[in-house]
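J.: My structure is below; once you've seen it, I'll send some questions.
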Amino acid sequence: MTVPLGGVLLAGAAVTALIIVLLAAVAAVHLLRGRRTSRDERRKRELMPLVHAVLDDDPDDGIPRSDVLGAPADLDEIVLDLLPQLRGSDRETLRLLLAERGVVSRAVADLSARKPWRRGRAVSLLGSAAGTHHVAAMAALLADRSLEVRCAAARALGKAGDPGAVAHLLHAVAGERALPTGVVGMALLDLGTTALPILRDALTGEHGASRALVAELLGVHGDPSAAPALEDLVRDAREDRGVRRTAAAALGRIGSPTSTEPLVSALTNSTDPRLQRTAAEALGRIGDPTATIPLLAGLADDDVAVRAACADALAALGAEGRASLEQVAAGAGAAAPDAQAALDELDGPVRRPQPAGVA
Amino acid sequence: MNELFTDIVLGASWTVLGYTLLLDTIMFCVVLLGARRVAEARHWKGAEGHAEIFASPLTPAVSLLIPAHDEEAGILDTLRAALGQRYPSLEVVLVDDGSTDRTFDLVAERYRLTEINPRRTASLPVRGEILSVHRATTGDPLLVIRKASVGQKSDALNAALNLARHPLVCMLDADSLLEEDALLRVARPFVEDPDNVIAAGGVIRAANGAVTDRGTVVEPRLSRNWLVRIQAVEYLRSFLLGRTGWADANALLIISGAFGLFRRDLVVEIGGLDHRSLGEDADLVVSMLAHQQRAGAPHRVVFVPEPVCWTEVPETLRVLGRQRRRWSHGLAQLLWKHRRMIGNPRFGAVGTMALPFFLVFELLGPVVEVFGLASVALAAGLGILDLGTAAVMLGLALAVGTLLSTTAIAVEVLTYRRYRRGRDLMALVLAAVVENVGYRQAHAWYRLRGLVAALARTNPVWTAMPRVGFSGDPAPAELVPARS
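As you go down the protein sequences, you meet chains C and B in turn. Taking our numbering, the leading residue of the first sequence gets 275, the next gets one more, and so forth. Taking our numbering, the leading residue of the second sequence gets 964, the next gets one more, and so forth.
Following this line, the structure appears as structure tokens:
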């Protein structure tokens, strides 16, 4: 058996050279890192007074505007870090500063850069720093070939705060280059209550994913005007199961007693245990005592999760629900353990976890 | 006859060398894929929006499930880290699986446990008897289940799943410390893409030697134990680059049971964790993928290389051998159970790439390595091996193996930078070389024994690793290194 020793030796030498290069890079980075960190900190200390001067707008500071505009690029990083923490006129002042220093125009130019990360960084920067001035250009990136860029564009549109972006964002949930619904959802939430009228209209939209998302968002906003349309979705047996579940959960968040009837109907008539469970949870949130009897009936459901949700919902109905639970718990029926567990929950509220490090 | 024998021995020798080179080359491609992904991710650093995810009402609540068997050495630290997660809504479900030490007593005392009636949310089969269920009265969202052990981690996890109430479940080993925002980072794919993501995993690193303080790794340090150092390199290579590469190819099979996040409804739908499986984590992922594929439902398994879970790794060859035998046994069970998926294009890259790779290189690898090495030794002993050629080939295999590890170390230094001391980096580099001589061969032997145990259908039993804890006597309140 012959082996091309020359080739093997050559490959070995190439691999060894690669190892040496990597090790040299590791050593160099390790040695230079400390120096670079202290240099960055020093620059930050030097540049912070400029930022304060801009924010104070005090001529007595004696810092000429030209110094601010001609400061090194590190100033832009400092300002971009500060922006999310500021509101009102301070935020606007820093936005103007970035525009004057050419940061915004460079970002606009970078929206069509070849590398995805440059497009992504550019659109993120515009979302933070450019307000509503470049919404159309940012929205165009919702159809970018890179998923990361599309996500960055959605987040940026949310931060920019222009309700005109709602339609673009909802449209981006479906199609060949669809965006993950969670990213769109967070962006739409960032837009605040100004998006509500468009969201209500979108409840009857074409795509199930989009309808489910909109239902969830309306629930998070607790929008009572959306309740009738959401109730219709829960009632509609031909509607997608996921949409019905999300609509039921949203009704629970909104908390309108008018929603009790469709939710009870979903709990008692549906064959989807997940919808039944969500409906029971929503009834518990609404707290309407007229749901007591159907919830008691739900304690006999075959699905253990439905039984648990009904017991919890009864516990949330107040005195009437608690009395019913106590009665069931005292009995010998199959639902007694669920009822007792729900009562235990009532008697021992659970608080949030403590921050790390707290003993 | 002699000639035939010589040909067989020589053929086996060259087969093992060729096989090792092929494996290293494939791994190098996977590592390159991973390195490319990591390098790209560096440009996006800071744009992930973790603060937004923490504040978002769309972020799903998580149940952290921790099975524990004789974990008194570190259980309080693990719970502190779990309960101290920066996450908007979570609960911790600890299962004391037949501990014979003070695991339960320590937790009961620290969190002032009170017995309650369990609120069941699922009816998964549990073989060990549930003895009692307790809740913390300190205000911490902690539920503790005491159950009789049947020697199966999956049984303990199924018991926890039956009481978990949140839409996502995170499985965590009882000897592990989560970094403060680990859960938030690993949950991000679920928040952003709730319709598709079914499982996500983060990075596991060796905690031995690290300086810890009440459940927090204050300063990652490398242990002085060379066995631990080699495993530290192994974990870096496997998690930072290997899994990133597999995930990039959409062929990720394993989300570590030490730290993995899953959609609870799906886990319940497939019947929970398979109590017969020793590799319950990988089996869970493959079963979920198969279930979604058959249902025509979307599915993505994501690896997030940033969030870190620190875990104790074996410090002795005996314990390491037991662990690796169990892993190999579990892999054999997994591949047998899902044999119809192997090479099946219906299951995408998992069927055509990942499962065949695991069969040929992970499961059967030790057979080739052990018998091949024996034949090399035999050939050398009989004087029929060209030692010069063999040395060159071995040198190349050694170099490629070292290159893989060096790449992982470089990515660690350039990107994640958990190990900051120069001496730790030096030790990692040395460990990357040393592991090729002795460790790799011992590892192959352990895996071969695991495979034999699987073929013999030995009854699998989950035995917990002996623990030393993260911060010990004499001053638990001080910053002390975990035993190294």
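Ideal Cβ placement from N, Cα and C applies to all residues, glycine included. Keep in mind it's a predicted model, so treat the numbers as computed, not measured.
Which one or two residues does DSSP pair with B/F1320 in a beta bridge?
T.: Looking at the DSSP assignment, B/F1320 forms no beta bridge with any residue, so it has no partner.
J.: Assuming contact is defined by CB atoms lying nearer than 8 angstroms, are C/T534 and C/I560 in contact in what I supplied?
T.: Cβ distance < 8 angstroms, so C/T534 and C/I560 count as in contact.
J.: Residues in the stretch 990 to 1018 of chain B with C-beta within 7 angstroms of chain C's C-beta atoms, listed in sequence order?
T.: Listed by position, the residues of the stretch 990 to 1018 of chain B near chain C (Cβ gap below 7 angstroms) are E1003, H1006, W1007, A1010, G1012, E1015.
J.: Looking at B/K1110 and B/A1119, is the spacing between their C-beta atoms short of 8 angstroms?
T.: Result yes, Cβ atoms of B/A1119 and B/K1110 sit closer than 8 angstroms.
J.: Enumerated in chain order, which unbroken segments of the alpha helix (DSSP H) with a length of 4 residues or greater are wholly contained in the stretch 1370 to 1419 of chain B?
T.: Complete alpha helix (DSSP H) runs here, min 4: 1385 to 1397, 1403 to 1418.
J.: Runs of 4 residues minimum, wholly inside the stretch 1013 to 1078 of chain B: which ones carry the alpha helix (DSSP H) assignment?
T.: Listed in chain order, they are 1013 to 1018, 1038 to 1046, 1066 to 1074.
J.: Taking all protein chains shown into account, do 16 or more other C-beta atoms lie within 10 angstroms of the C-beta of B/K1448, making it buried, or fewer, making it exposed?
T.: Nothing can be reported for residue 1448 of chain B: it is not among the residues displayed for chain B, which extend from 964 to 1447.
J.: Report the partner residues of B/M1134 according to the DSSP bridge assignment.
T.: DSSP lists B/L1028, B/G1223 as partners of B/M1134.
J.: Between the stretch 287 to 304 of chain C and chain B, which residues of the former have CB atoms less than 7 angstroms from a CB of the latter, in chain order?
T.: Answer set for the stretch 287 to 304 of chain C: V289, T290, L292, I293, L296, L297, A299, V300, V303, H304.
J.: Kindly indicate the opening and closing residues of the beta strand (DSSP E) around C/R548.
T.: Looking at the DSSP string, C/R548 is not in any beta strand (DSSP E); the run it does join, the alpha helix (DSSP H), is 547 to 560.
J.: Which chain B residues sit within Cβ distance under 7 angstroms of C/M460?
T.: Chain B residues near C/M460: E1015, S1019, L1021.
J.: Quick check for students: name the residue ranges of the alpha helix (DSSP H) that lie wholly in the stretch 297 to 375 of chain C, counting only runs of 4 or more.
T.: Here the runs fully enclosed are 339 to 343, 348 to 356, 362 to 374.
J.: To which residues does DSSP link B/R1263 through a beta bridge?
T.: Answer is B/V1160.
J.: Helix, strand or coil for C/Q628? Go by DSSP, reduced to three states.
T.: Low per-residue confidence applies at C/Q628: pLDDT is 38, beneath 50, and the placement is therefore not dependable enough to give any value.
J.: May I ask you to list the residues that DSSP assigns as paired with B/H1097?
T.: Paired residue(s): B/E1078, B/V1107.
J.: Pairs of beta-carbons, one from the stretch 1197 to 1210 of chain B and one from the stretch 1251 to 1260 of chain B, closer than 8 angstroms: are there three or more?
T.: Touching, no, given that fewer than three Cβ pairs across the two stretches are closer than 8 angstroms.
J.: Give the interface partners of C/E422 over in chain B, defined as CB-CB distance under 8 angstroms, in chain order.
T.: Ordered by position in chain B, the residues that pass the 8 angstroms Cβ test against C/E422 are W1007.
J.: Using the Cα positions of C/P455 and C/A441, report the straight-line distance between them to the nearest angstrom.
T.: According to the sequence displayed, residue 455 of chain C carries Thr and not Pro. Their backbone Cα atoms lie some 14 angstroms apart in a straight line.
J.: Buried or exposed: B/I1217, going by 16 or more other Cβ atoms within 10 Å of its Cβ?
T.: By the 10 Å Cβ count, B/I1217 comes out buried.
J.: Should C/D350 go down as buried or exposed, given a rule of 16 or more other Cβ atoms within 10 Å for buried?
T.: Its Cβ being crowded by 16 or more others within 10 Å, C/D350 is buried.
J.: Is the stretch 1334 to 1342 of chain B touching the stretch 967 to 977 of chain B, taking contact as three or more C-beta pairs under 8 angstroms?
T.: The answer is yes - the stretch 967 to 977 of chain B touches the stretch 1334 to 1342 of chain B, with three or more Cβ pairs under 8 angstroms.
J.: What is the C-beta distance between C/T566 and C/G529, in whole angstroms, given that I count them as a contact (C-beta under 8 angstroms)?
T.: With a Cβ gap of about 17 angstroms, C/T566 and C/G529 do not count as contacting.
J.: Does any residue of chain C bring its CB to less than 8 angstroms from the CB of B/G1037?
T.: So, not an interface residue.
J.: Can you list, in chain order, the residues of its chain with a C-beta nearer than 6 angstroms to that of B/N1125? Leave out the 5 residues immediately preceding and following it.
T.: Cβ neighbours of B/N1125 beyond the five flanking positions: R1083, A1085, L1087.
J.: Please name the residues in the stretch 1142 to 1159 of chain B whose beta-carbon is closer than 8 angstroms to at least one beta-carbon of chain C, in chain order.
T.: So the list reads E1143, F1153, V1154, E1155, D1156, P1157, D1158, N1159, given in the order they occur along the chain.
J.: So which residues on chain B does C/A615 lean against when the C-beta distance must stay under 8 angstroms?
T.: Simply I1079, N1080, P1081, R1082, R1083.
J.: Pick from B/S1201, B/R1226, B/Q1194, B/D1228: whose alpha carbon is nearest that of B/L1215?
T.: The candidate whose alpha carbon is nearest that of B/L1215 is B/S1201.
J.: Report all residues from its chain with a CB closer than 8 angstroms to the CB of B/N1517; omit the five preceding and five following residues, and keep chain order.
T.: Since the first residue shown for chain B is 964 and the last is 1447, residue 1517 of chain B is missing from the structure and cannot be characterised.
J.: Taking a Cβ distance cut-off of 8 angstroms, strictly less, list which residues of the stretch 423 to 441 of chain C are near chain B, in chain order.
T.: Residues passing the 8 angstroms Cβ filter: C425, A426, R429.
J.: In angstroms, rounded to a whole number, what distance separates the CA positions of C/R393 and C/S386?
T.: Going by the C-alpha atoms only, they are around 6 angstroms apart.
J.: Note down, in chain order, every chain C residue with its Cβ under 9 angstroms from the Cβ of B/G1385.
T.: Ordered by position in chain C, the residues that pass the 9 angstroms Cβ test against B/G1385 are A301, H304, L305.
J.: Within the 8 angstroms Cβ cut-off, does C/P547 reach chain B?
T.: False, the Cβ-Cβ gap to chain B never drops below 8 angstroms.
J.: Looking at the secondary structure, which residues open and close the beta strand (DSSP E) in which B/S1139 lies?
T.: Its beta strand (DSSP E) spans residues 1139 to 1141.
J.: Report, in whole angstroms, the separation of the C-beta atoms of B/L1140 and B/A1170, which I expect to be a contact under 8 angstroms.
T.: That pair is a contact at about 6 angstroms.
J.: Would C/A411 pass as an interface residue toward chain B - the criterion being a Cβ-Cβ separation below 8 angstroms?
T.: No - not a single Cβ of chain B is within 8 angstroms of the one on C/A411.
J.: Return no unless some Cβ of chain C is closer than 8 angstroms to the Cβ of B/I1372.
T.: True, the Cβ-Cβ gap to chain C drops below 8 angstroms.
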